[in-house]
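Trainee: Residue numbers are given in the UniProt record's numbering: position 264 of the sequence shown equals residue 264, and the series is strictly consecutive. Every residue gets a Cβ at the ideal spot worked out from N, C-alpha and C, and that includes glycine. Sharing a structure with you now.
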Amino acid sequence: MAVLVIDVVKGIQMQTIESMVLAELSTPHVLVVLNKIDLLPVETQSAQITAMTKTIREFLSASPTLHAAPIIAVAAGDADGTRAPRGMSDLLAAMRSHLHVPTRSADGPLVFAVDHCFPLRGKGTVLTGTVLNGQIKVNDTIALPMLGVEKKVKSLQMFHASVDSAIQGDRVAIRVHGLDSSTMERGLAITPHSLTFSSNLVLPVHQIRFFSLPCPSGSKLHVTVGHTTVMAKATFFYNKMHCASDNPPFDPAIEYSYLPVLDPLSGSAASEGNSPHLAPSAVLVLLQLDRPVLCPPHSHVVCSRLDTDVNRQVCRIAFHGRVDATIEDVAASIRIGKVKERRGVVDKSLDDPSVVIVRDLFRKETNWDVFRHLRVQNTRTKAVGHLDGPFGKAGKCRAIFAATDAVAGDVVVLRFTKTLFQDKAHHLRLRQNPAIYDDPTTATPRAEALNSDVRAKQVVEPLLETFECEKCRTGLVERLKGETAPNGANPSVIAAGLFATAEEAAEFVGAEVATDAAEIGHVEALFGKAGKVRVVFPCGGTMAKVGDTVRLFEK
1 MAVLVIDVVK GIQMQTIESM VLAELSTPHV LVVLNKIDLL PVETQSAQIT
51 AMTKTIREFL SASPTLHAAP IIAVAAGDAD GTRAPRGMSD LLAAMRSHLH
101 VPTRSADGPL VFAVDHCFPL RGKGTVLTGT VLNGQIKVND TIALPMLGVE
151 KKVKSLQMFH ASVDSAIQGD RVAIRVHGLD SSTMERGLAI TPHSLTFSSN
201 LVLPVHQIRF FSLPCPSGSK LHVTVGHTTV MAKATFFYNK MHCASDNPPF
251 DPAIEYSYLP VLDPLSGSAA SEGNSPHLAP SAVLVLLQLD RPVLCPPHSH
301 VVCSRLDTDV NRQVCRIAFH GRVDATIEDV AASIRIGKVK ERRGVVDKSL
351 DDPSVVIVRD LFRKETNWDV FRHLRVQNTR TKAVGHLDGP FGKAGKCRAI
401 FAATDAVAGD VVVLRFTKTL FQDKAHHLRL RQNPAIYDDP TTATPRAEAL
451 NSDVRAKQVV EPLLETFECE KCRTGLVERL KGETAPNGAN PSVIAAGLFA
501 TAEEAAEFVG AEVATDAAEI GHVEALFGKA GKVRVVFPCG GTMAKVGDTV
551 RLFEK
């Protein structure tokens, strides 16, 4: 049973919410106590107690276990005894009526939670605590793994009475010899060799509805197991086959999908690419602890952000779960695939129309042995081809498609899966599953792509009269320059294809340039010696992307 005490004057505070969360995780048997009712004005006391009770009842209504918890108003009195306690008889009656005796078992190895340790002059050292699992008897040998020692039980006491044994759920004092009480305060006493220290835990994620901050993979959390709290690195993942199911069991034989961030319950869990529809507890987490802890099977783990600014009124408890597995070697025991993506642009086609040259997909120093024969997709036609090899020494490459309808400016995407935690012997192995690319049925027809000049002309047509153009040059945005604004605009771009040589480009410095969206800029300077130029857009920048068409109108 848990008793949740609320100050009737201050009402529900953040510490109240955190206490309620811990009570929910611990037991369904909770009493709510409205304390300090004697501080309320006598003339409005009854009305204020009624109003606060209604507020708390509404607050508890969303709780699956505490919505019907009794609410008792009390005043504890004072130390001088000048004010008599109020409501205490009602509280005691409620506690008696809601007492619950759980089923206890003496089976299994001993797990004893030590909460205090002190010396007993001339008799040894006493460990007090609760039996969490199994049983303990006089003359048993217990292990204290935190100290690396084993001790023989000399005697047991429960409520100042000597006993021969204690089982799960019992509060008991254990007397041993030869133990320095200053070396231990809290920890576990266990059956020798029944538990080992663990550095990596896997558990299902059950999010706390009051936690409002995102939890990115790779971030540090405070992990509490029993009496121990340590820092840990969190990596979230899920099984695509179990996106809509609760509590999927962890299976080291299957490959999971990486989840870059666990959004609060008010949002949704987001993955790279298209966000999957995940059930509230379909996500699992790998916790890599900063130091090993003793973790009994199926231990309840609570993960928090205790470093949150104390001035921010936010719940710090993020999620919880029971341990599914403990892992010694992460690389060998868990497979989490992270989808990576690169994008390039079709530069031109060769004599064979099925072979296209793609730029901006790789740097010139890229190790091609890693990417050769990987599949790529044209984002417009949805056609899937494969990488054939490098083209030249500037980072361009050849891609072969079965279809022959690619046009210059088409965006080509390369997606592959990289397994996290690989050792050095396997860290360059990249994989692609059949579902990694979009469905070809969503393709844009070739005729529509080839008519892009017509569509652009409809947008830019009013500009032709303004500039009194005699000739239009067409090029492509090769890269974006400058700091990207919050709305996604860039102050300038590098344009290629407008001019054949730098000498030709030099004659058009200052010339007007327009994008398909009718954004007007001008040629500011040359860029290199291949006819490329830097185009600036002084009126709010441009929303153009790599591969978009730009036009220069000669007056």
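Check each candidate in Phe59, Leu39, Cys303 and name the one with the smallest Cα separation from Ala76.
Mentor: Ranking Phe59, Leu39, Cys303 by Cα distance to Ala76 puts Leu39 first.
Trainee: Measure the CB-CB distance between His386 and Arg305 and report whether it falls below 8 Å.
Mentor: Their beta carbons are not under 8 Å apart, which means His386 does not touch Arg305 by this criterion.
Trainee: Taking Val323 as the reference, which of Val339, Ser198, Cys315, Ala517 has the closest Cα?
Mentor: Among Val339, Ser198, Cys315, Ala517, the Cα nearest to that of Val323 is on Ser198.
Trainee: Name the one or two DSSP bridge partners that Ile167 has.
Mentor: Per DSSP, Gln135.
Trainee: Pick helix, strand or coil for Leu498, following the three-state DSSP scheme.
Mentor: Looking at Leu498 - three-state DSSP - the assignment turns out to be coil, as it is neither helix nor strand.
Trainee: Assign Ile254 to one of three DSSP states: helix, strand, or coil.
Mentor: Coil.
Trainee: Arg83 and Ile71 look like a contact to me (Cβ under 8 Å); what is the Cβ gap, rounded to whole Å?
Mentor: Incorrect: roughly 22 Å between the Cβ atoms, too far for contact.
Trainee: Give me the Cα-Cα distance between Leu4 and Lys220, rounded to the nearest whole angstrom.
Mentor: When rounded, the distance between both Cα atoms is 30 Å.
Trainee: Can you name the start and end residues of the beta strand (DSSP E) that Val346 belongs to?
Mentor: Val346 -> beta strand (DSSP E) spans 335–349.
Trainee: Which residues bound the alpha helix (DSSP H) around Arg96?
Mentor: Here the alpha helix (DSSP H) through Arg96 covers 88–97.
Trainee: Let me make sure I understand the geometry here. Which of Ser354, Pro192, Val509, Asp309 has the alpha-carbon closest to that of Asn378?
Mentor: Answer by Cα proximity: Ser354.
Trainee: Have a look at Met543 and Ile494 and give me their C-alpha separation to the nearest angstrom.
Mentor: Whole-angstrom Cα-Cα distance: 13 Å.
Trainee: Between which two residues does the beta strand (DSSP E) harbouring Ile72 extend?
Mentor: Unbroken beta strand (DSSP E) run through Ile72: 71–73.
Trainee: Is it right to say Leu147 is buried, meaning 16 or more other beta carbons lie within 10 angstroms of its own, or is it exposed?
Mentor: Label assigned to Leu147: exposed.
Trainee: State the DSSP-derived secondary structure class of Ser219, mapped to helix, strand or coil.
Mentor: Three-state result, Ser219: coil.
Trainee: Name the one or two DSSP bridge partners that Asp7 has.
Mentor: Its beta-bridge partners are Asn35.
Trainee: Taking Cβ positions, are Val153 and Asn139 nearer each other than 8 Å?
Mentor: Yes, Cβ-Cβ distance for Val153 and Asn139 is below 8 Å.
Trainee: Would you call His320 buried or exposed, if buried means 16 or more other Cβ atoms sit within 10 Å of its Cβ?
Mentor: The residue in question, His320, is buried, as its Cβ has 16 or more Cβ neighbours within 10 Å.
Trainee: Using a Cβ-Cβ cut-off of 7 Å (strictly less than) and excluding sequence neighbours within five positions of Arg372, which residues of its own chain qualify?
Mentor: Cβ within range, chain order: Leu387, Gly389.
Trainee: Which of the three DSSP states, helix, strand or coil, is assigned to His300?
Mentor: Correct three-state label for His300: strand.
Trainee: Compute the distance between the beta-carbons of Leu294 and Leu179, then report whether it is under 8 Å.
Mentor: Cβ distance not < 8 Å, so Leu294 and Leu179 don't count as in contact.
Trainee: In its own chain, which residues sit with a C-beta less than 6 Å from the C-beta of Ser452, not counting the 5 before and 5 after it?
Mentor: Note that Ser452 has pLDDT 46, beneath the 50 cutoff, so the model's placement of it is unreliable and no number is given.
Trainee: Quick check on the burial criterion: 16 or more other C-beta atoms within 10 angstroms. Buried or exposed for Arg431?
Mentor: Answer is exposed; the Cβ neighbour count stays below 16.
Trainee: What first and last residue would you give for the beta strand (DSSP E) that runs through Ser19?
Mentor: First-last for Ser19: 14–26, but that is the alpha helix (DSSP H), not the beta strand (DSSP E).
Trainee: Near His300, which residues of its chain fall below 6 Å by C-beta distance, leaving aside the five closest residues on each side in sequence?
Mentor: Once the five neighbours on either side are set aside, the close Cβ partners of His300 are Arg322.
Trainee: For the beta strand (DSSP E) containing Thr55, list its first residue and its last residue.
Mentor: That residue, Thr55, is in no beta strand (DSSP E); its alpha helix (DSSP H) goes 45–60.
Trainee: With distances taken between CB atoms, is the gap from Arg473 to Tyr437 smaller than 8 Å?
Mentor: Taking 8 Å as the Cβ cut-off, Arg473 and Tyr437 do not qualify as a contacting pair.
Trainee: Can you give the Cα-Cα distance for Phe537 and Glu478, rounded to whole angstroms?
Mentor: Looking at the two C-alpha atoms, the distance is approximately 15 Å.
Trainee: Can you give the beta carbon distance from Val74 to Leu34, rounded, assuming they're within the 8 Å contact cut?
Mentor: Contact flag correct, Cβ pair sits at about 7 Å.
Trainee: Tell me whether the region 181–188 and the region 107–123 touch, counting them as touching only if at least three CB pairs, one residue from each stretch, are closer than 8 Å.
Mentor: Flag = yes, the region 181–188 and the region 107–123 touch.
Trainee: Output the boundary residues of the beta strand (DSSP E) element that contains Val370.
Mentor: Looking at the DSSP string, Val370 is not in any beta strand (DSSP E); the run it does join, the alpha helix (DSSP H), is 368–371.
Trainee: To which residues does DSSP link Leu188 through a beta bridge?
Mentor: According to DSSP, Leu188 bridges with Ala113.
Trainee: Let me confirm a value: Ser182 is counted as buried when at least 16 other C-beta atoms fall within 10 Å, else exposed. Which label applies?
Mentor: So Ser182 counts as exposed.
Trainee: Does the beta carbon of Ser349 sit closer than 8 Å to a beta carbon anywhere in chain C?
Mentor: Protein chains in the displayed structure number just one, and chain C is not present.
Trainee: Considering His522, what are the terminal residues of the beta strand (DSSP E) in which it resides?
Mentor: First-last of the beta strand (DSSP E) with His522: 520–526.
Trainee: Considering only the alpha carbon of each residue, which of Phe421, Leu91, Met14 lies closest to Lys338?
Mentor: Out of Phe421, Leu91, Met14, Phe421 has the C-alpha closest to the C-alpha of Lys338.
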